[in-house]
Amino acid sequence: MIEVENLTKQYGPTVAVSGVSFNVQKGEVLGFLGPNGAGKTTTMRVITGFLPPTEGKVRVAGFDVAEEPLEAKRRTGYLPELPPVYPDMTVVEYLAFVARIKGVSRRDIKMRLDETVQKCAVGDVRYRQIGKLSKGYRQRVGLAQALIHNPEVLVLDEPTAGLDPKQIIETRDLIKGLEGQHTIILSTHILPEVSKTCQRVVVINSGQIVAVGTPDELTRRLQGFETVLVTVEGPAAAIIEKFQRVAGVNWVEPRESHDSRVTLEVHSEKEKDVRAELARATVESGWKLFELKTSGLSLEEIFLKLTTKDLGEEAAAKSEKAVN
Amino acid sequence: MRNVMAVAGKELRAYFHSPIAYLVMTVYTAICGFVFYSSTAFFALQSFRMEAQGGMGMPALSINEYIIRPILGGVLTVVLLFLIPLITMRLYAEEKRSGTIELLLTSPLTDMEIILGKFLGSLFLFAVLEALTFGYFGVLYIYGNPNAKPLIANALGLLLYGAALLALGMWFSTFTKNQIIAGAVGLAVFLILYLLDWVSAFSQSTVGQVASYIALTTHFDNFSKGVIQLSDVVYYLSVIILGVFLTARSVEALKGRP
Ligand SMILES: Nc1ncnc2c1ncn2[C@@H]1O[C@H](COP(=O)(O)OP(=O)(O)OP(=O)(O)O)[C@@H](O)[C@H]1O
Ligand SMILES: [Mg+2]
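Line by line, the protein sequences give chains A and B.
Take the position in the first sequence, starting the count at 1, then add 1403; the result is the number in my numbering.
Take the position in the second sequence, starting the count at 1, then add 22; the result is the number in my numbering.
Structural data, given as structure tokens:
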């Protein structure tokens, strides 16, 4: 549905994106992950036809964005980093205007408006001025704007940036709800977002793709061991020693301690679940077990690994192999 | 066309939902009213004098010559040099500042549809202003008998003059995110174009003639006398087309570095 081919974009001497290629399948939700300045916004601006590429091709729904921009744009909904709203318009006025310029026929405008307002949960502010809405509502109006013409492709640039945790969850659920009806590419540098909302992830750093895969694949690829987090009340040194002797455990690291409670990271061999053994060891020694959970390599850690240079290159090589 | 009207309607709406339209209208009608009042009073006084002196054989004073011409040709053309930048400065600058330019440029609209929409939106506002002026002249019809033809020439001339300034002002507003700067550039350029007329007054050489030809206000002269001359119409139409064309160029360049 979205085909990006060898895309390069330069701003004068600055190379923002260089040789990026990826596809988004119909109905897929693709996460576009990268740190600040990685080139996410630039890539999305080229996909939406806002910026012409320096080199390379982008096709949306089968239309080349450079050659048939109007056809491609008709099928694309775009939420830029800052919702592109007119503060002095009411929500309904704004959405009606966007519907008109997106080519929704006069007959359908009311229906599309009602449907989108409902979908994005902005019904209770529909007659309010956008400038007076909270950030969360404004973001939802931005999303409504992207959806108003029921586009095949949705391009969302950091849809949850600047929202509070409750709003983040609401927005994520909203995006989840769109799954299957649209082909979605969303950018983010907030990592849990990817595992929560996306089926596949493209990791970009300094304008280049460093990894592609499902969130699970990425985790597995980079993880050589399992990690368990244990919180126990008792003497830290003794606990560490005891755990170290449990079969399958490679090493134990204290993570934090509060009063007499310690949280330990227990690293074990791959595919070996040591949780039951750890629980038994704790109880046998008369310590109190407060928490016991597996902790995969967190996305944050994967992300750091991918975007710090050498490991990143290694992963890129691996993912290239995986693609071929 | 539907797209052009959608954009035009949006612009017009924005004008009337912000203080700008009202500010411009107030200043404009106030100045208009003042000049109208004083020139009408002067006209009345002169007429009385002529009556008192017998006025034998002298033609009656022309309302057009004494009231309409000074208002339009003399004062309003200059006032508009200041007011038009207030109208046009936001056209692109504000979209760039607020990021809504991304909405417009990623919608299935051509650049030209957006440009024409913005131009028409501002032209509607200007037409409203002009209608206000001609409201004053309506009073003359009730109490006097001005000639209709010069009035029509003036109306057309003012519309063309305003449209030419609007097109150029729109171009200036593509330069920057800052409305104030866009407005200041507009004002500066308009004043220079206006002063060219003065240059021509001092110099009879080709330079003077060229300057006089380029000067925005000189071409209004004939209109204000009630004469519609093709060359003046062509001049203003060319400036309008030039403004639109330069705006299109500038929007194109903008995509390289938003
Ligand atoms: N208009 C521009 N002119 C010059 N350089 C630019 C421009 N826009 C972006 N860049 C540069 O291009 C690079 C990529 O920027 P981009 O905005 O695409 O990053 P991003 O991944 O969206 O980052 P963020 O997470 O901060 O939004 C950066 O180095 C940035 O400084
Ligand atoms: Mg960005």
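Yeah, the Cβ is synthetic: ideal placement off N, Cα and C, and Gly gets one too.
Here the structure is a predicted model, which is why all the values come from computation and not from measurement.
As the crow flies, the alpha-carbon of residue 1497/A is around 14 Å from that of residue 1535/A.
Per DSSP, residue 199/B is not a residue of any beta strand (DSSP E), being assigned neither H nor E. In the DSSP assignment, residue 114/B falls within the alpha helix (DSSP H) that extends over 112-120. DSSP places residue 1448/A in the uninterrupted alpha helix (DSSP H) bounded by 1443-1450. At least one heavy atom of ligand 2 falls within 6 Å of the beta-carbon of residue 1444/A.
Residue 1432/A and residue 1588/A have their C-alpha atoms roughly 6 Å apart. For residue 1484/A, the distance from the CB to the nearest heavy atom of ligand 2 is below 6 Å. For residue 1530/A, not one C-beta of chain B is nearer than 7 Å to its own C-beta. Relative to ligand 1, residue 1452/A has its C-beta separated by 6 Å or more from all heavy atoms. Annotation note: the region 1610-1644 of chain A contains the following uninterrupted alpha helix (DSSP H) runs of length 4 or greater, listed N- to C-terminal: 1618-1625. Bridge pairing for residue 1654/A: 1670/A [DSSP]. For residue 1634/A, there are no C-beta contacts with chain B under 9 Å, since the nearest C-beta of that chain is about 46 Å from it.
The closest heavy atom of ligand 1 lies less than 6 Å from the beta carbon of residue 1441/A. Residue environment for residue 32/B: buried (at least 16 other C-beta atoms within 10 angstroms of its C-beta). Within 9 Å of the CB of residue 1515/A, no CB atom of chain B is found; the nearest one sits about 15 Å away. In this structure, residue 1481/A has its beta carbon at no less than 6 Å from each heavy atom of ligand 1.
Of all residues in the region 1494-1522 of chain A, the ones placed with a Cβ closer than 9 Å to any Cβ belonging to chain B are 1496, 1500, 1501, 1503, 1504, 1505, 1506 and 1509, in chain order. Looking at the DSSP output, residue 1580/A bridges to nothing. With a contact defined as Cβ atoms closer than 8 Å, residue 1636/A and residue 1691/A qualify at about 4 Å. Secondary structure at residue 1459/A: strand, using DSSP grouped into helix, strand and coil. Counting C-beta pairs closer than 8 Å gives fewer than three between the region 1501-1512 of chain A and the region 1573-1581 of chain A, which falls short of the contact rule. Around residue 144/B, no beta-carbon contact reaches into chain A at under 8 Å, the shortest distance being about 16 Å. Within the region 151-178 of chain B, no run of beta strand (DSSP E) at least 3 residues long lies entirely inside it. Distance from the Cα of residue 218/B is smallest, within the candidate group 184/B, 239/B and 36/B, for 239/B.
The beta carbon of residue 125/B sits closer than 7 Å to some beta carbon of chain A. In this structure, DSSP gives residue 1697/A an extended state, which the three-state scheme calls strand. Per DSSP, the continuous alpha helix (DSSP H) segment holding residue 1509/A begins and ends at 1509-1522. In the structure shown, residue 75/B adopts coil according to DSSP, grouped into three states. In the DSSP assignment, residue 1453/A falls outside any beta strand (DSSP E) and carries neither an H nor an E. The distance from the Cβ of residue 1460/A to that of residue 1408/A is about 4 Å, consistent with a contact at the 8 Å cut-off. Put simply, the CB of residue 131/B is near chain A, with a gap under 7 Å to one of its CB atoms. With at least 16 other beta carbons inside 10 angstroms of its own, residue 1489/A counts as buried.
For a Cβ distance threshold of 8 Å, residue set 1487, 1488 and 1489 of chain A lies close to residue 122/B, ordered along the chain. When Cβ-Cβ separations below 7 Å define contact, residue 1454/A makes contact with chain B.
Residue 1592/A has its CB nearer than 6 Å to a heavy atom of ligand 1. For residue 259/B, same chain residues with a beta-carbon under 6 Å away, outside a window of 5 residues either side, do not exist.
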